[in-house]
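Peer 1: Here you go, one structure.
In this note's numbering, the protein residues as written are 3 to 443.
Take a look at the structure:
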C-alpha cells in the first residue's frame, strides 16, 4: 500500500510516495519509466520513497496539487492515504478530505528519518523561515525540543529573494556562482522587505554591481534569520539547511560565514525541498487505518472548491482615455537652422529610465523609455549612444538635468548642469505642460 505526503508551499508543491519493502523493485521500475519520479536511494531507510518533481504552483495551489495527484493515480491504483502539510495544507486538506499535518513535525520527521545525525534544522521557504531543534529518542522516535519561525513580514523569505533576483535579471539558482565573483557587498537592511529593496536600489545607484548587491541581500537575509529566529536558541551540529532557499548557494555561503560553521557542521540535504512531504508521508504510513485499497479522491476541483468559480471583472479599457503622448506633434527639423540647441533630461529610476531631448521652446525632439534592469550606467550609455546615432549633428546639447533615484550617480557621470529630486522635476514638468496646453486653447 502506498501512502502519499504532500507539501503545499507558497511557491511550489512537492509529493512523496512511501511504500513498503516489497515495493522497492516496482519503485525502481517506475523511476526508470517515468521522469516525474525520483527514487531516494542514497540514504539508509526502511521504506522505499519516491518523490515527484518540484512543481511551481503559479498562484494555483489546488489545481497544481490535483493535477499531480492525477498523474500519480494513473501509475498507482492502490493508495492507502494522503496527508498534507505546508502553507496550503488547510485549503487542500478540506478539498480532498485528508488529514492535515503540522509543518514543524513533518520537517522534523523527514529530516530525522533520512539524516539521523542532524540535531538542528534551518528552513527557509517561499513565505516562512523556521528553526527546529530535534532529538532521536531511544526507541527511534523523533522529538522536537525547541522551535521558532518568522512573523508575517516577508523579510528574508524565498519569495522576496526570488523577486529581487528576477528584478536583477537572474534565476535564483544562479546566485551562488554570481555572488562568488563579488569583490564587495553593500549593507542591506534585513528586517524589512521595503527597506531592503530601498537599500538595494540605493546601492545600485551608487555604482555597486548586481553580484555585489545580491551578495549584500544574502547576508541581510541570514543576519535577519540569526537575529530574529535563532536568537537565544541552541544550535547543535549537525545543522541541515532545508526549504527552497537552500538551492541558493549564496545564502548557504552566508550562513556558513555569519554563523561561523565549519564545512562539517552545516550541509544542504539532497532532498532539501521534499523533506516536509516525506515527513507527512511517513506519518501517514504509520497512522493510516483505511482498509479500502483504492482510496477515493475527489478530482472535481471546481465542485470541491466552489470559490474558485468567483466572479471577475472585465479588463479595463483605454477607449475613453486620452493620452498626453497623443497630443504631441512629431518634431521636424525642416526649416530650422542646424544644429538645433537642445536640452537633455534624464530620469533614472529603480524600475525604468527615461530620456527626453527638448528644443529651446520645450518641444519634444526625442524620447526614450526603457527598463533600468539594475544597470543604470549601462542603460545610460546605451540610450546616449542611441540619441547620438539618431540625431547626430542635428542638435547641440546645451544643458543636461538628471532626476530619479540614480540622479547623483548619473549626474556625475554625464556632467549634468542640474541634479533635482523627483518631486521638483515632476512639479516643473507638469506645470510647464499644463501651461503649454492652456496657451494652445
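We put the beta carbon where it would ideally sit given N, CA and C, even for glycine.
Compute the distance between the beta-carbons of residue 246 and residue 14, then report whether it is under 8 Å.
Peer 2: Result yes, Cβ atoms of residue 246 and residue 14 sit closer than 8 Å.
Peer 1: Helix or strand or just coil, what does DSSP make of residue 29?
Peer 2: Helix, per DSSP.
Peer 1: Across the stretch 417-430 and the stretch 363-381, are there enough close Cβ pairs to call them in contact, namely three or more that are closer than 8 Å?
Peer 2: Because the criterion of three Cβ pairs below 8 Å is not met, the stretch 417-430 and the stretch 363-381 do not touch.
Peer 1: Which residue or residues does DSSP assign as beta-bridge partners of residue 5?
Peer 2: Paired residue(s): 20 and 83.
Peer 1: Considering only their Cβ atoms, is the gap separating residue 271 from residue 411 smaller than 8 Å?
Peer 2: The answer is no: Cβ separation not under 8 Å.
Peer 1: Take residue 143 as the anchor and find which of 118, 430 and 176 has the nearest alpha-carbon.
Peer 2: Of the listed residues, the one whose Cα sits closest to residue 143 is 118.
Peer 1: Give me whichever residues DSSP pairs with residue 419 in a beta bridge.
Peer 2: Per DSSP, none; premise fails for residue 419.
Peer 1: State buried or exposed for residue 166, treating a residue as buried only when at least 16 other CB atoms are found within 10 Å of its CB.
Peer 2: Classification of residue 166: buried, given that the 10 Å Cβ count is 16 or more.
Peer 1: Going straight from the alpha carbon of residue 252 to that of residue 211, what length do you get?
Peer 2: Near 15 Å, if we compare the C-alpha coordinates of residue 211 and residue 252.
Peer 1: Leaving out five residues on either side along the sequence, give the residues of the same chain with a beta carbon under 6 Å from the beta carbon of residue 405.
Peer 2: Excluding positions up to five away in sequence, the list reads 349, 422, 424 and 427.
Peer 1: For the candidate residues 30, 356 and 238, whose alpha-carbon lies nearest to that of residue 51?
Peer 2: Taking only the C-alpha atoms, the option nearest residue 51 is 30.
Peer 1: CA-CA distance, residue 132 and residue 125?
Peer 2: Approximately 5 Å, taken between the alpha carbons.
Peer 1: Using only the alpha-carbon positions, how far apart do residue 7 and residue 114 sit?
Peer 2: Distance between the alpha carbons of residue 7 and residue 114: 16 Å.
Peer 1: Indicate whether residue 403 and residue 347 have their beta-carbon atoms separated by less than 8 Å.
Peer 2: Contact flag set, yes.
Peer 1: Rounded to a whole number of angstroms, what is the C-alpha to C-alpha distance between residue 10 and residue 390?
Peer 2: Approximately 53 Å between the Cα atoms of the pair.
Peer 1: For residue 4, verify whether its CB is less than 7 Å away from any heavy atom of the ligand COA.
Peer 2: The ligand COA is absent from the structure shown, which contains no ligands of any kind.
Peer 1: Between the beta-carbon of residue 188 and the beta-carbon of residue 205, is there less than 8 Å?
Peer 2: Cβ distance < 8 Å, so residue 188 and residue 205 count as in contact.
Peer 1: If you draw a straight line from the C-alpha of residue 66 to the C-alpha of residue 78, how long is it?
Peer 2: One C-alpha to the other measures close to 18 Å.
Peer 1: In the DSSP assignment, find the unbroken alpha helix (DSSP H) run with residue 94 in it and report its ends.
Peer 2: Unbroken alpha helix (DSSP H) run through residue 94: 91-98.
Peer 1: So, with DSSP's three-state summary, where would you put residue 70?
Peer 2: Residue state, collapsed to three classes: helix.
Peer 1: Roughly how many angstroms lie between the CA atoms of residue 295 and residue 32, to the nearest whole one?
Peer 2: Low local confidence applies: a pLDDT of 46 at residue 295 is under 50, so the model's placement there is unreliable, with the coordinate-based value given in what follows. Cα to Cα, residue 295 sits roughly 20 Å from residue 32.
Peer 1: What residue range is occupied by the uninterrupted beta strand (DSSP E) comprising residue 359?
Peer 2: 354-361 is the span of the beta strand (DSSP E), which, as asked, contains residue 359.
Peer 1: What residue range is occupied by the uninterrupted alpha helix (DSSP H) comprising residue 259?
Peer 2: Element bounds for residue 259: 251-260.
Peer 1: Thinking C-beta only, is residue 49 closer than 8 Å to residue 287?
Peer 2: Cβ atoms of residue 287 and residue 49: closer than 8 Å.
Peer 1: Kindly list the residues whose CB is nearer than 6 Å to the CB of residue 86, restricted to its own chain and excluding five residues on each side of it in sequence; keep chain order.
Peer 2: Closer than 6 Å at Cβ, skipping near neighbours: 8, 94, 95, 100 and 102.
Peer 1: Leaving out the 5 sequence neighbours to the left and right, which residues in its chain are closer than 6 Å to residue 342 when beta-carbon positions are compared?
Peer 2: Closer than 6 Å at the Cβ level, and outside the excluded window around residue 342, lie 361 and 397.
Peer 1: Along the chain, where does the alpha helix (DSSP H) that runs through residue 115 open and close?
Peer 2: Counting along the chain, the alpha helix (DSSP H) containing residue 115 begins and ends at 105-116.
Peer 1: Can you tell me whether residue 322 is buried or exposed, with buried defined as 16 or more other CB within 10 angstroms of its CB?
Peer 2: Exposed is the call here.
Peer 1: Buried or exposed, going by whether 16 or more other CB atoms sit within 10 Å of the CB of residue 121?
Peer 2: Buried, because 16 or more other Cβ atoms sit within 10 Å of the Cβ of residue 121.
Peer 1: Give the straight-line distance between the Cα atoms of residue 61 and residue 139, rounded to the nearest whole angstrom.
Peer 2: In a straight line, the C-alpha of residue 61 is about 40 Å away from that of residue 139.
Peer 1: Just the Cα atoms here: how many angstroms apart are residue 364 and residue 393?
Peer 2: For residue 364 and residue 393, the distance between alpha carbons rounds to 17 Å.
Peer 1: Give me whichever residues DSSP pairs with residue 343 in a beta bridge.
Peer 2: The partner list for residue 343 (beta bridge, DSSP) reads 398.
Peer 1: Excluding five sequence neighbours on each side, which residues of the same chain lie with their C-beta closer than 8 Å to the C-beta of residue 330?
Peer 2: Excluding sequence neighbours, residue 330 sits near 366.
Peer 1: On the three-state DSSP scale, how would you describe residue 263?
Peer 2: Residue 263: coil per DSSP, three-state reduction.
Peer 1: When the distance is taken between beta carbons, is residue 148 closer than 8 Å to residue 16?
Peer 2: Going by C-beta atoms, residue 16 is not nearer than 8 Å to residue 148.
Peer 1: Within 10 angstroms of the Cβ of residue 227, are there 16 or more other Cβ atoms? Answer buried if so, exposed if not.
Peer 2: By the neighbour-count rule (16 or more Cβ atoms within 10 Å), residue 227 is buried.
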